[in-house]
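Comments concern the structure below.
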Amino acid sequence: MGKIGTEVAKEAADIVLLDDNFGSIVSAVEEGRSIYKTIKKVILYLFATSAGEVLAIAGALVLGYPLLILPAQIIWLNLVTDGFLDVALAMEPKEKGLLRGNFERPKKYLVDKLMGKRMFLMSITMAVGALYLFNVGNFETDLAKAMTISLTGLAVFQWFNAWNCRSEDRSVFQMNPFSNLFLVGATLIVISLQLLAVYNPMMQKLLHTVPLSLSEWLLIIPVALSIVVVEEVRKFFHRREARRA
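Sequential numbering from 27 applies to the sequence shown in the working numbering.
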């Protein structure tokens, strides 16, 4: 006990309760589990989106395509899109039921088997989608347009994927989107910034982008939504396996 305990007892103890309340241990355990899960969410998002970009570029080289995004555009994705969304994801509220059921003891590495599986599925989906958009954008006839489409496609993939990473088993459609207002705000900010990158003349010169038509947006958004579909299917089978266990 931090208040009534002797100095000898405090020095010998593994835990010192400053408020002399045993309930503080329960709260600390719950908070620790929440912090651990939040760190994993942010790592998952950053690793999956970065791997998606790398695989997309590698895929373009293997297929003999030109680079589908430029270095300046990669920096734009990593600093602007990722920068806002990963900070917002770190503000994710505490999950319910952290003290119920079995909580797997953290291993040596934060990236476990489930995270590795999710990263693989997310990054492959992003890479295939970006290469498809680059090809549909007719890079042979209008490389600037195709690059802008692939850049925007990767950005939209990241918008959706941030919402994917909120939970490893709950559907994104079952979660209250306004429970994390930081993520709502960050999503609106990155959407606005991407529109600026595509339509603002100064940003067009800086990032080598060109304006996109409505039909091109109507192509990009459904393709990027595939990352939600893939993760929802994985979550469905994950929940089914958990019920059987």
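Glycine residues also receive a C-beta, built at the ideal position from the N, C-alpha and C atoms. As the structure is a prediction and not an experimental result, all values here were calculated from the model.
Review point. Three-state secondary structure (DSSP) at Gln220?
Key: To locate residue 220, count along the sequence shown from 1; it is residue 194. Helix at Gln220.
Check your understanding: For the alpha helix (DSSP H) that contains Pro237, what are its first and last residues?
Key -> Stepping through the sequence shown from its first residue, residue 237 is reached at position 211. Element bounds for Pro237: n/a, residue is neither H nor E.
Review point. For Asp168, which of Asn104, Pro227 and Pro237 has the nearest alpha-carbon?
Key: Here residue 168 corresponds to residue number 142 of the sequence shown, with the count starting at 1. Answer by Cα proximity: Pro237.
Review point. Could you check where the alpha helix (DSSP H) with Arg59 kicks off and where it finishes?
Key: Here the question's residue 59 lines up with position 33 in the sequence shown. Its alpha helix (DSSP H) spans residues Gly49 to Leu89.
Exercise for review: Go ahead and label Val52 buried or exposed: buried means 16 or more other beta carbons lie within 10 angstroms of its beta carbon, across all protein chains shown.
Suggested key: As a working note, residue 52 is residue 26 in the sequence shown. So Val52 counts as exposed.
Check your understanding: Can at least three beta-carbon pairs, one atom from the segment 58 to 76 and one from the segment 108 to 128, be found at a separation below 8 Å?
Key -> Contact between the segment 58 to 76 and the segment 108 to 128 is present: three or more C-beta pairs spanning the two stretches fall below 8 Å.
**Study point:** Start-end ranges of the alpha helix (DSSP H) lying completely within the segment 136 to 171, minimum 4 residues
**Key:** 139 to 162
Check your understanding: What do you reckon, are the CB atoms on Ile175 and Glu242 nearer than 8 Å?
Key -> For the purposes of this step, residue 175 is taken as the residue at position 149 of the sequence shown. For the purposes of this step, residue 242 is taken as the residue at position 216 of the sequence shown. The answer is yes: Cβ separation under 8 Å.
Check your understanding: Thinking C-beta only, is Val210 closer than 8 Å to Val254?
Key -> Taking the first residue of the sequence shown as position 1, residue 254 is located at position 228. Taking the first residue of the sequence shown as position 1, residue 210 is located at position 184. For Val254 and Val210, no; Cβs fall outside 8 Å.
Check your understanding: Taking buried to mean at least 16 other C-beta atoms within 10 Å of its own C-beta, is Lys261 buried or exposed?
Key -> Against the sequence shown, residue 261 aligns to sequence position 235. Lys261 sits buried, since 16 or more C-beta atoms from the chains shown fall within 10 Å of its C-beta.
Exercise for review: Return yes when the Cβ of Thr178 is within less than 8 Å of the Cβ of Glu118, no when it is not.
Suggested key: In the sequence shown, the residue the question calls residue 118 occupies position 92. In the sequence shown, the residue the question calls residue 178 occupies position 152. The answer is no: Cβ separation not under 8 Å.
Exercise for review: Determine, using beta carbons only, whether Leu124 and Ser60 come nearer to each other than 8 Å.
Suggested key: Along the sequence shown, read from residue 1 onward, the residue named residue 124 stands at position 98. Along the sequence shown, read from residue 1 onward, the residue named residue 60 stands at position 34. Judged by their CB atoms, Leu124 and Ser60 are nearer to each other than the 8 Å cut-off.
Exercise for review: Can you tell me the Cβ-Cβ gap for Ala35 and Val68, rounded? I've got them flagged as a contact below 8 Å.
Suggested key: Translated into the one-based positions of the sequence shown, residue 35 becomes position 9. Translated into the one-based positions of the sequence shown, residue 68 becomes position 42. Contact doesn't hold; Cβ gap of about 39 Å is too wide.
Exercise for review: With a cut-off of 8 Å on the beta carbons, I'd call Ala170 and Phe160 a contact; round off their distance for me.
Suggested key: Taking the sequence shown and counting its residues from 1, the one referred to as residue 170 is at position 144. Taking the sequence shown and counting its residues from 1, the one referred to as residue 160 is at position 134. Cβ atoms of Ala170 and Phe160 stay farther apart than 8 Å, at about 12 Å.
Practice item. Please report how far the alpha carbon of Ala181 lies from the alpha carbon of Leu44, in whole angstroms. Key: Translated into the one-based positions of the sequence shown, residue 181 becomes position 155. Translated into the one-based positions of the sequence shown, residue 44 becomes position 18. Distance from the CA of Ala181 to the CA of Leu44, rounded to the nearest whole angstrom, comes to 47 Å.
Practice item. Less than 8 Å between the CB atoms is what I'm expecting for Val249 and Gly163, so what's the real figure, rounded? Key: If you number the sequence shown from 1, residue 249 lands on position 223. If you number the sequence shown from 1, residue 163 lands on position 137. Rounded, the Cβ-Cβ distance is 11 Å, inconsistent with contact.
Practice item. Assign Val202 to one of two classes, buried (16 or more other C-beta atoms within 10 Å of its C-beta) or exposed (fewer than that). Key: The count along the sequence shown starts at 1 and reaches residue 202 at position 176. The sequence shown places Asn at residue 202, rather than the Val named in the question. Classification for Asn202: exposed.
Check your understanding: Is there at least one Cβ from chain B nearer than 8 Å to Gly90's Cβ?
Key -> Absent here is chain B; the protein component of the structure consists of one chain.
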